[in-house]
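Throughout the sequence shown, residue numbering follows this note's numbering, covering 1105 to 1355 in sequence. Notes for the one structure printed next.
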Amino acid sequence: HYLIFIGLFLTLLMAGCKKETEESIPDQPDLPPENAFVQDMGGFGNSAQRSEGNYNFAALNVGVWNTILYVNLAIPVAAWYKVREVEPVWDKNISAWKWTKEYNNNSGNYTAQLHGWIQSGEVQWRMYITKQGEYNDFLWYRGTSKLDGTSGSWRLFRDPVIDQPYIDITWNNELDSDHDDIKYVNSIPNDAGNGSYIQYGRIDTTGLDIFYDIYLKADNRLIEIDYSDATTAGSVRDNVFFGDENWHCWN
1105 HYLIFIGLFL
1115 TLLMAGCKKE
1125 TEESIPDQPD
1135 LPPENAFVQD
1145 MGGFGNSAQR
1155 SEGNYNFAAL
1165 NVGVWNTILY
1175 VNLAIPVAAW
1185 YKVREVEPVW
1195 DKNISAWKWT
1205 KEYNNNSGNY
1215 TAQLHGWIQS
1225 GEVQWRMYIT
1235 KQGEYNDFLW
1245 YRGTSKLDGT
1255 SGSWRLFRDP
1265 VIDQPYIDIT
1275 WNNELDSDHD
1285 DIKYVNSIPN
1295 DAGNGSYIQY
1305 GRIDTTGLDI
1315 FYDIYLKADN
1325 RLIEIDYSDA
1335 TTAGSVRDNV
1345 FFGDENWHCW
1355 N
């Protein structure tokens, strides 16, 4: 009977250790939607090669922000897409799930590591990027998101040479509809444009279903654009450029 008791004790002990080990790995958070970090606003400036003055004015202002987001942020944007190609693993040393992707392009060889973990009812995110021969594990952006992936925020840092805040992002995504929006805010310290932003949104409606709000902090100036994704018709309002509060349209 003593041997049977010892056998049962060891069996229960091993089962308890196994259960404890399994329970020590927290739930894996889902990645935010792809458009929670970057939105493709490039199509606006390419619509049917329009020649109307109102359209060209609107497209020019959207194009300025497109340059910032798609040229100056090429490396962190590429990393965002690359980590989505892999499955994460739990790393007990950093107490986080880790998405790791090695890749290369014309500018060099990179490793992107996205860390994610659930804390206080929301998901914490950190994106570290390494470029072979230049920098290692640079924290390029960090953020938080809701567990259901419907909203969140990011802070991007400029680059490994100028390690300071660059752009703050807030985003919303109604997963069961076509409504979503994202806002990019200049967060460069002591910059004249700090607080300037572009906000892009898609509204679940017919007609003018896309909007852009562009705010220029230095001039306290707001440019509003409503636009149809289907017909490319739209309107723009800017009391500084047009000298009135009216909407100026193109068909």
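C-beta atoms are modelled at their ideal positions from N, C-alpha and C, and glycine is treated no differently. Remember, it's a predicted structure, so these values are computed and weren't measured experimentally.
Quick one: what does DSSP say Glu-1226 is sitting in, helix, strand or coil? In the displayed model, Glu-1226 falls within a strand according to three-state DSSP.
Could you give the DSSP three-state label for Thr-1171: helix, strand or coil? Three-state DSSP puts Thr-1171 in a helix.
Since Asn-1165 and Ile-1318 should fall inside the 8 angstroms C-beta cutoff, what is the C-beta to C-beta distance between them, to a whole number of angstroms? Rounded to whole angstroms, the Cβ separation of Asn-1165 and Ile-1318 is 5 angstroms, and the two are in contact under 8 angstroms.
Tell me whether the region 1174-1183 and the region 1318-1333 touch, counting them as touching only if at least three CB pairs, one residue from each stretch, are closer than 8 angstroms. No, the region 1174-1183 does not touch the region 1318-1333.
Close Cβ partners of Ile-1222 (< 8 angstroms) along its chain, the five nearest in sequence each way excluded: So the list reads Pro-1130, Asp-1131, Pro-1133, Gln-1228 and Leu-1251, once near-sequence residues are dropped.
Whole angstroms is fine: what's the gap from Val-1142's alpha carbon to Tyr-1304's? When rounded, the distance between both Cα atoms is 10 angstroms.
Taking the C-alpha atoms as reference points, what is the distance between Ile-1307 and Lys-1202? Taking the Cα positions, Ile-1307 is about 34 angstroms away from Lys-1202.
If I'm right that Ser-1339 touches Cys-1353 with Cβ under 8 angstroms, what's the distance once you round it to whole angstroms? So it is a contact: roughly 4 angstroms between Cβ atoms.
Put Lys-1196 into one of helix, strand or coil per three-state DSSP. Taken through DSSP and simplified to helix, strand or coil, Lys-1196 comes out as coil.
Status (buried if at least 16 other CB within 10 Å, exposed otherwise) for Asp-1323: Asp-1323 counts as exposed, since fewer than 16 other C-beta atoms from the protein chains shown sit within 10 angstroms of its C-beta.
My guess is that Asn-1139 and Asn-1343 are in contact by the Cβ rule of under 8 angstroms, so how many angstroms apart are they, rounded? About 31 angstroms separates the two Cβ atoms, so there is no contact after all.
For Leu-1173, is the classification buried or exposed, using 16 other Cβ atoms within 10 angstroms of its Cβ as the cut-off for buried? The residue in question, Leu-1173, is buried, as its Cβ has 16 or more Cβ neighbours within 10 Å.
Can you tell which of Ala-1216, Gly-1167 and Asn-1208 has its C-alpha closest to the C-alpha of Arg-1188? It is Ala-1216 whose Cα lies nearest to the Cα of Arg-1188.
Evaluate Asn-1210 with the Cβ neighbour count: other Cβ atoms within 10 Å of its Cβ, from every protein chain shown; 16 or more gives buried, anything less gives exposed. Asn-1210 is classed as exposed because its beta carbon has fewer than 16 other beta carbons within 10 Å across all chains shown.
What number of angstroms, rounded off, separates the C-alpha of Asp-1062 from the C-alpha of Asp-1282? In the structure displayed, the chain extends from 1105 to 1355; residue 1062 sits before or after that span and is not available.
Counting only runs that start and end within the region 1327-1354, where is the beta strand (DSSP E) found for 3 or more residues in a row? Here the runs fully enclosed are 1338-1341 and 1352-1354.
Three-state secondary structure (DSSP) at Gly-1247? Strand, per DSSP.
Beta-carbon contacts of Tyr-1239 that lie in its chain and below 7 angstroms, excluding the five residues immediately before and after: Setting aside the 5 residues that flank it on each side, Tyr-1239 is surrounded in the same chain by Pro-1264, each with a C-beta closer than 7 angstroms to its C-beta; the list follows chain order.
Evaluate Ser-1300 with the Cβ neighbour count: other Cβ atoms within 10 Å of its Cβ, from every protein chain shown; 16 or more gives buried, anything less gives exposed. Counting other Cβ atoms within 10 Å of its Cβ, Ser-1300 reaches 16 or more and is therefore classed as buried.
Taking only the alpha-carbon atoms, compute the straight-line gap between Glu-1124 and Ile-1198 and give it to the nearest angstrom. Note that Glu-1124 scores 45 on pLDDT, short of 50, meaning its location in the model is unreliable and no value can be drawn from it.
Whole angstroms are fine: how far does the CA of Pro-1293 sit from the CA of Asp-1267? If you take the alpha carbons of Asp-1267 and Pro-1293, they lie about 11 angstroms apart.
Gly-1157 - DSSP class collapsed to helix/strand/coil: Helix.
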